[in-house]
């Protein structure tokens with residue numbers, strides 16, 4: 002029985018959401034009103050309203066969450082995405098498990114970012130902060146309009162049903178509990194650099210005065226987006242039962258495209274900070290990255306795509322999202338075309354062979370990669386709209402186009418850190434490349450001889466990974482040796498001091514090492530995986546690659562909100578047991594196959610169970626080499642990013658301590 006408090010609390014949340022919508026509009030219009038009415042004091046409403054906006058949105062979100070936890074089926078969203086059998090862990094996740102709730106989470110996160118920028122900017126860029134807040138307010142108001150008028154999670158349902166429907170069974174997994182919030186933190190996070198860029202264009206704010214702040218927000222968003230993509234691949238692998246982790250699904254591509262351009266942006270900002278170049282190009286990258294985030298939102302939520310990752314949506318929501326996206330991007334790119342010229346580079350290229358030129362090649366490669374993914378993702382939609390024909394652009398196209406691009410990217414990753422700024426010393430560079438090239442060639446030859454791969458990409462990829470890893474190692478070794486010579490320190494002390502002394506640089510090197518580990522995982526699992534799909538009776542033995550697996554039969558099991566037929570298999574090589582299931586969840590007609598995986602550092606044995614025919618069961622067995630390198634590499638990337646960002650915290654503390662010391666002596 003739902004209490005009266007729970008029944009009425011949702012109305013408080015609904016009122017708070019409407020109030021937040023009007024606060025967002027006020028935040029967007031306050032600087033305009035200040036200019037029209039010649040009342041500068043109105044500008045502060047944009048800044049002061051940011052915290053109120055976040056608090057009101059939080060009230061609304063907490064009332065939805067409370068309704069889910071208390072089984073308040075008078076709320077349509079709760080009745081559609083939860084029931085009394087759903088575990089509490091997944092009731093919390095149901096907040097973003099459905100279309101309406103996930104949109105509200107999107108707005109909630111955006112208001113959180115806005116409040117954080119308002120706090121961060123009060124003492125750092127107070128003159129431009131109201132404009133930044135106004136841009137964020139306009140974006141929030143646009144999304145709030147979609148939430149409240151076309152996708153309202155507060156809608157009531159009467160008469161109250163005694164039981165709700167279940168959360169989508171595919172989403173009842175720890176990976177999917179974590180994946181969407183991480184992805185949204187990445188998507189939404191790129192709105193902050195976008196707001197900085199628009200504010201800079203509107204006020205002729207020189208980019209060297211704000212690009213450093215933008216870089217930190219971009220890194221923050223990029224890190225969350227990276228983690229979201231990794232967790233999404235992990236969920237796809239462990240839950241969907243197809244033995245893979247990335248299928249170039251349009252919705253997967255929707256998150257990958259802003260990641261590519263965000264990566265280009267982070268590298269390009271380094272050139273601007275070091276050489277005061279690429280000002281205009283960086284603003285273009287900022288707008289484009291956020292544009293791709295909006296495009297991803299449209300693809301996932303408009304209903305134009307059929308995908309296990311996409312939400313179904315009413316027709317009006319797709320039209321609203323498309324209109325909103327077109328208006329925002331038309332205004333942003335129009336403003337860029339009109340006023341982007343004031344951000345002229347203050348220094349020019351001295352040599353085509355320099356560190357900054359390598360960053361340019363980095364940007365070209367990432368841009369070409371993004372354009373290739375964009376073409377493969379949108380071409381079927383344009384063709385269907387124009388001719389009515391339905392086609393699918395899948396892995397064959399993407400593998401053919403993207404693999405060479407990423408191999409070239411590894412070459413640039415290896416050479417870039419070895420090249421000097423302004424103009425490279427060719428003789429010195431040649432000497433530094435000898436050892437990495439020899440190591441890379443040796444590893445490539447080893448793979449080609451020992452494994453005799455069918456695909457040329459395996460020895461090339463492994464050779465390039467060894468090449469890049471050696472350049473990173475020798476780069477660090479030279480820096481440590483130089484410090485030992487200058488300070489007469491031991492090896493361990495010099496290494497720690499070198500790395501801690503430049504966390505931003507060496508954190509980036511750790512990120513690069515994580516990417517290399519991921520490349521090894523992609524190469525092994527992508528080129529050397531093996532699988533068989535057979536019908537098996539109890540006692541039958543199946544061999545795939547070097548793994549022998551025996552089918553021992555099935556049994557019925559019961560979970561907290563589902564019943565299942567559980568297969569029992571034994572890996573004869575090591576005695577490990579595999580327990581794949583076919584689950585039927587309460588309140589849902591969907592039958593979900595849940596695979597079972599036995600993992601070691603070097604391979605996964607992965608099995609999925611299908612239907613039964615004449616006493617035999619459909620068994621799909623995979624042996625996936627090195628797939629765990631992908632998850633390990635993802636963890637290394639995030640750790641490297643966190644270490645790099647810690648340099649900013651260290652510098653802030655140093656500034657604070659210095660300021661305090663100066664104040665105490667004055």
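In my numbering, the protein residues as written are 2 to 667.
The beta-carbon is built from N, C-alpha and C at its ideal position, and this holds for glycine as well.
Task: Endpoints, the alpha helix (DSSP H) within which residue 273 is located - done: Annotation for residue 273: the continuous alpha helix (DSSP H) segment containing it runs 251–276.
TODO: Helix, strand or coil for residue 180, going by three-state DSSP, please let me know.
DONE: Assigned with DSSP and collapsed to three states, residue 180 falls in helix.
Task: Range covered by the beta strand (DSSP E) that runs through residue 558 - done: Here the beta strand (DSSP E) through residue 558 covers 548–559.
- [ ] Assign residue 367 to one of three DSSP states: helix, strand, or coil.
- [x] Reduced to three states, the DSSP call for residue 367 is helix.
Open item on the list: Please give me, in chain order, every unbroken run of the alpha helix (DSSP H) with length at least 4 that falls completely inside the segment 25–87.
Closed with: Fully enclosed alpha helix (DSSP H) runs of 4 or longer: 45–70, 77–82.
Open item on the list: Quick check on the burial criterion: 16 or more other C-beta atoms within 10 angstroms. Buried or exposed for residue 456?
Closed with: With fewer than 16 other Cβ atoms inside 10 Å of its own Cβ, residue 456 counts as exposed.
Open item on the list: Tell me which residue opens and which closes the alpha helix (DSSP H) that residue 565 is part of.
Closed with: No alpha helix (DSSP H) holds residue 565; the beta strand (DSSP E) holding it covers 563–572.
Open item on the list: Buried or exposed for residue 660, going by 16 or more other Cβ atoms inside 10 Å?
Closed with: With a pLDDT of 41 at residue 660, under the threshold of 50, the modelled position of this residue cannot be trusted, and the question is left open.
Open item on the list: Between the alpha carbons of residue 571 and residue 603, how many angstroms are there, rounded?
Closed with: Across the structure, residue 571 and residue 603 are spaced so that their CA atoms are roughly 19 Å apart.
Task: Distance CB(residue 586)-CB(residue 562) smaller than 7 Å - done: Yes. Within cutoff.
Task: Contact belief for residue 211 with residue 201 at Cβ below 8 Å, rounded distance in angstroms - done: With 8 Å as the limit, residue 211 and residue 201 qualify as a contact, their Cβ atoms being about 6 Å apart.
- [ ] Return the Cβ separation of residue 644 and residue 511 in integer angstroms, given the expectation that the two are a contact with Cβ distance under 8 Å.
- [x] About 6 Å separates the beta carbon of residue 644 from that of residue 511, a gap short enough to meet the 8 Å contact definition.
TODO: May I ask which residues mark the beginning and end of the beta strand (DSSP E) holding residue 490?
DONE: First-last for residue 490: undefined, no H or E at that position.
Open item on the list: Within the continuous alpha helix (DSSP H) that includes residue 624, where are the two ends?
Closed with: Careful: residue 624 lies outside any alpha helix (DSSP H), inside the beta strand (DSSP E) at 617–626.
- [ ] Using alpha carbons as the reference points, say which of 194, 139, 240, 237 lies closest to residue 222.
- [x] The candidate whose alpha carbon is nearest that of residue 222 is 194.
TODO: Might you give, ordered along the chain, the residues of its own chain that have their beta carbon closer than 8 Å to the beta carbon of residue 559, omitting 5 neighbours on each side?
DONE: Correct list, in chain order: 565.
- [ ] Check residue 533 in the structure and name its three-state DSSP category.
- [x] Assignment of residue 533 by DSSP, reduced to helix, strand and coil, places it in the strand class.
Task: Proximity below 7 Å, CB of residue 123 to CB of residue 206 - done: No.
Open item on the list: What would DSSP say about residue 237, mapped onto helix, strand or coil?
Closed with: Residue state, collapsed to three classes: helix.
Open item on the list: Am I right that residue 573 and residue 550 are in contact with their C-beta atoms under 8 Å? What's the rounded C-beta distance?
Closed with: About 7 Å separates the two Cβ atoms, so the contact holds.
Open item on the list: For chain C, check one thing: does any of its Cβ atoms lie closer than 7 Å to the Cβ of residue 299?
Closed with: No chain C is present in this structure, which holds just one protein chain.
Task: Through-space distance from residue 364 to residue 541, alpha-carbon basis - done: Looking at the two C-alpha atoms, the distance is approximately 54 Å.
- [ ] Determine contact between the segment 173–189 and the segment 224–240, defined as no fewer than three beta-carbon pairs at a distance below 8 Å.
- [x] Segment contact: the segment 173–189 against the segment 224–240, three or more CB-CB distances shorter than 8 Å; contact assigned.
TODO: With distances taken Cα to Cα, identify the nearest neighbour of residue 516 among 436, 605, 618, 631.
DONE: For residue 516, the closest alpha carbon among the candidates 436, 605, 618, 631 is that of 631.
Task: Candidates 255, 236, 254: closest to residue 246 by CA position - done: The residue with the shortest Cα to Cα distance from residue 246 is 236.
Open item on the list: I'd like to know whether the C-beta atoms of residue 230 and residue 256 end up nearer to each other than 7 Å.
Closed with: Yes. Within cutoff.
Open item on the list: Between the alpha carbons of residue 52 and residue 323, how many angstroms are there, rounded?
Closed with: Those two C-alpha atoms are separated by around 29 Å.
TODO: Quick one: residues in its chain with C-beta nearer than 7 Å to the C-beta of residue 583, no 5 flanking neighbours on either side, listed in chain order?
DONE: The beta carbon of residue 583 sits closer than 7 Å to the beta carbons of 565, 566, 592, 594, 610 from its chain, once the five residues preceding and following it are set aside; these are given in chain order.
Open item on the list: Let's test the definition: count the other Cβ atoms within 10 Å of the Cβ of residue 494 and tell me whether it reaches 16, buried, or not, exposed.
Closed with: With fewer than 16 other Cβ atoms inside 10 Å of its own Cβ, residue 494 counts as exposed.
Open item on the list: Which of the three DSSP states is assigned to residue 212 in this structure?
Closed with: Helix at residue 212.
Task: Endpoints, the alpha helix (DSSP H) within which residue 439 is located - done: Run containing residue 439: 427–451, per the alpha helix (DSSP H) assignment.
Open item on the list: Alpha carbons only, please: which of 556, 338, 318 is nearest the one belonging to residue 285?
Closed with: For the residues 556, 338, 318, the minimum Cα distance to residue 285 belongs to 338.
TODO: Grab the span of the beta strand (DSSP E) containing residue 543 for me, first residue to last.
DONE: 542–545 is the span of the beta strand (DSSP E), which, as asked, contains residue 543.
Task: Proximal residues to residue 476 (C-beta, below 6 Å), its chain only, five neighbours per side dropped - done: Within the same chain, Cβ atoms closer than 6 Å to the Cβ of residue 476 are found at 418, the five residues on either side in sequence being excluded.
Task: Buried versus exposed call for residue 249 [16 or more other C-beta atoms within 10 Å across all chains shown] - done: The residue in question, residue 249, is buried, as its Cβ has 16 or more Cβ neighbours within 10 Å.
Open item on the list: Please list the terminal residues of the continuous alpha helix (DSSP H) segment that includes residue 400.
Closed with: From DSSP, the alpha helix (DSSP H) with residue 400 extends over 396–416.
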